[in-house]
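**Q** Structure incoming, see below.
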Amino acid sequence: MDLDDGETPQPLYAKADVCQQLLTRYLRSSAVQHRHLCAAAAATRSIIEESSLSLTPVSYFAAIITSIENSNSLDSHAIGALTSLLCIVLPLVGRGEINPDKAKDAVEVLMRKVEGCGGNLGTSGVRAAVQSVGGLIAEFYNLNEWDSVSPGFEWLVKLSLDRRPKVRKCAQECLFTIFKSFKSSSLFKRAGRLVYSMIKDRLPAVSKVINSKIVGETERMLPEHQDVVHLLGLMKHAIPFLSPKFQMRMLPRLSKMFSYNIPVVITQVSDIMLSVLKTSGADIILSNSEEIFQTLVSYMSSGKGNSVDNIFPAATLSKTALAKLHDGHMKEWTTYFPMVTGSLACHLCSDTEVAFKTSNILREIIDDHFDEEMLLKIENRLEDRPTEDAEFKIIQATCDTFYNVLINSSQLPSESLLDVISFLFRKLGRTSGVFMEPIILKLAASMNITADAEKTMHLQECFGYAVSAMGPEKLLALLPISFSINDLSTKNIWLIPILEKNVSGSSLRFFLEHIVPLAKSFDKGSRKEWAR
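Numbered as in full-length UniProt numbering, the sequence shown ends at 532 without a single skipped number.
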């Protein structure tokens, strides 16, 4: 029998008789589960009255536990009704009304009965027992005695991986309620160690199933594949309750799972690792930095992550880990920053959704790490060419990354790649002339090989950002505009409309050195052509 019909029962009143309240509520109901519940309540009230006890919630509690313990002759429907009744009664019992030893005895009765029934007890009956065990431990146990707490807590850990979703969810909620109830840091740590040990013991089996390469490949996942997802789900919720030491031990094991390239696993693993990285200090990342970054970089650049759903979790993890290293761990930051940007940049060569998302992530990473203080420091020292400075190296390496993508592309730069380069111009400002000269020359070469204005629209916009960032003088020093009077040939003439659109407030010297000579050349050329 399944007592769970999808509804959440309204709480009862502690000062009124439980049985009467249930009869009043469900007497007219034709639902089987309500009839069983009312029958269990009536039988329990009879037991209390025969013992000449008052009809209080704690009396109902004691009578229900006795009935469950002596329920060998009862069928699974009756046992399920009793556990459901207990789940309704227990919140009505006042704190301190159940002795810790009695609470412990009740938990042992419930665990034995659920285990003894095997799969015969319905989902709602098991869930009610689980909820009662969690409530008894959290509210009535002596939470300073681990030996007392341990058996029930371990049972909840086991059921937090149950294949029945409602049982699993209830057990997990009870676990975390108990975690929050611990007053002793010692018990908190021991509980965390127990959860970690259970997860660690099951990880080899998880890896074996994942390595079979069939998780998520069929429309309906097999039970052992669902177990993998359930374990990862538990890990995700348990992370905040584990000590930094256990979190640190988990990271390498989790990062290895990226190599299996299974979307449902990647998503779960990414969520777990992200939870660790967000809540932990840089020391945890430093202890595992090589394995974490090499795994993520390999995954992002290998082609396995050629979908938004795959690449985005790994990129988000990389971004979060880099942010932890940015302040105070410059050596590691300078090592892994180029690796991350390089592995992402290789996805920019197309105009797919992956390229678009990757472009957004790269701009966020650049924006987060190239802050104003860092750029001002470099700008003030440019004359010294501080090439050994970590910040200088990072900017140069980043620009080199995008230059390499440009030269290895056999076509015009994609819109996504140009978006990142344009952002770099805006971010670096006047210093972009120092770091981005090869990029500018390569982009100019792309402009010169096609006369199709529509195809070069994004390129022109990119050069507009370059003009605004560097200033027209510096750009024209790299890309001079010229007009030959002899053969009427031009060079970089496409820059004129870009300059017209993006130049304002330039110096008189700029016009005298660049615009006036060009105008004179055009004038002479036109006169010569007219004379013919």
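Positions of the beta carbon are idealized from the N, C-alpha and C atoms, including for glycine.
#1: Assuming residue 231 and residue 202 are in contact, meaning their beta carbons sit under 8 Å apart, how far apart are those beta carbons, in whole angstroms?
#2: Taking the alpha-carbon positions, what's the residue 56 to residue 45 distance?
#3: The alpha helix (DSSP H) spanning residue 155 covers which residue range?
#4: Using 8 Å for Cβ pairs, my map puts residue 282 next to residue 329. What's the rounded Cβ distance?
#5: Between the alpha carbons of residue 316 and residue 151, how many angstroms are there, rounded?
#6: Nearest by alpha-carbon distance to residue 183: which of 349, 142 and 164 is it?
#7: Could you pull the DSSP bridge partners for residue 491 from this structure?
#8: Throw me the rounded Cβ distance for the residue 153 and residue 194 pair, which I believe falls under 8 Å.
#9: Under the three-state reduction of DSSP, which class applies to residue 279: helix, strand or coil?
#10: Using the Cβ count rule (16 or more neighbours within 10 Å means buried), how would you classify residue 445?
#11: Got a sec, what are the start and stop residues for the alpha helix (DSSP H) residue 371 sits in?
#12: Between the beta-carbon of residue 434 and the beta-carbon of residue 417, is there less than 8 Å?
#13: Counting only the same chain and skipping the five closest in sequence on each side, list residues whose C-beta sits under 6 Å from that of residue 341.
#14: Sorted by chain position, which residues of the same chain lie with C-beta nearer than 8 Å to residue 148's C-beta, five sequence neighbours on each side aside?
#15: With C-beta atoms as the reference, is residue 64 less than 8 Å away from residue 12?
#16: Compute the Euclidean distance between the alpha carbons of residue 333 and residue 354, then round it to the nearest angstrom.
#17: In this structure, does DSSP put residue 173 in helix, strand or coil?
#18: Return helix, strand or coil for residue 427, following the three-state DSSP convention.
#19: From residue 410 to residue 242, what distance separates their C-alpha atoms?
#20: Flag this pair as touching only if the segment 250 to 265 and the segment 174 to 191 have three or more C-beta atom pairs under 8 Å; answer yes or no.
#21: With residue 275 and residue 311 assumed to form a contact (beta carbons below 8 Å), what rounded beta-carbon distance in angstroms separates them?
#22: Is the distance from the Cβ of residue 348 to the Cβ of residue 358 below 8 Å?
#23: Considering only C-alpha positions, which residue in the set 465, 123 and 229 is nearest to residue 263?
#24: Terminal residues of the continuous alpha helix (DSSP H) containing residue 249?
**A** In short:
#1: Confirmed, Cβ separation roughly 6 Å.
#2: Taking the straight line joining both Cα atoms gives about 10 Å.
#3: Start and end: 146 to 159.
#4: Between residue 282 and residue 329, the beta carbon gap of about 6 Å places them in contact (Cβ cut-off 8 Å).
#5: C-alpha separation (whole angstroms): 39 Å.
#6: Distance from the Cα of residue 183 is smallest, within the candidate group 349, 142 and 164, for 142.
#7: In DSSP, residue 491 forms a bridge with 482.
#8: Cβ atoms of residue 153 and residue 194 come within 8 Å of each other, at about 7 Å.
#9: Three-state DSSP puts residue 279 in a helix.
#10: Flag for residue 445 reads exposed.
#11: Bounds of any alpha helix (DSSP H) do not take in residue 371, whose DSSP letter is neither H nor E.
#12: For residue 434 and residue 417, no; Cβs fall outside 8 Å.
#13: 398 and 401.
#14: Taken in chain order, the residues that qualify are 100, 104, 141 and 142.
#15: No, Cβ-Cβ distance for residue 64 and residue 12 is not below 8 Å.
#16: Distance between the alpha carbons of residue 333 and residue 354 is about 25 Å.
#17: It is helical.
#18: Of the three classes helix, strand and coil, the one that applies to residue 427 here is helix, per DSSP.
#19: Looking at the backbone, the Cα of residue 410 and that of residue 242 are separated by about 50 Å.
#20: With the cut-off at 8 Å, the segment 250 to 265 and the segment 174 to 191 do not touch.
#21: Going by Cβ atoms, the distance from residue 275 to residue 311 rounds to 20 Å, so no, they are not a contact pair.
#22: It is a contact, given that the beta carbons lie within the stated cut-off.
#23: Looking at 465, 123 and 229, the one whose alpha-carbon comes closest to that of residue 263 is 229.
#24: Residue 249 -> alpha helix (DSSP H) spans 244 to 256.
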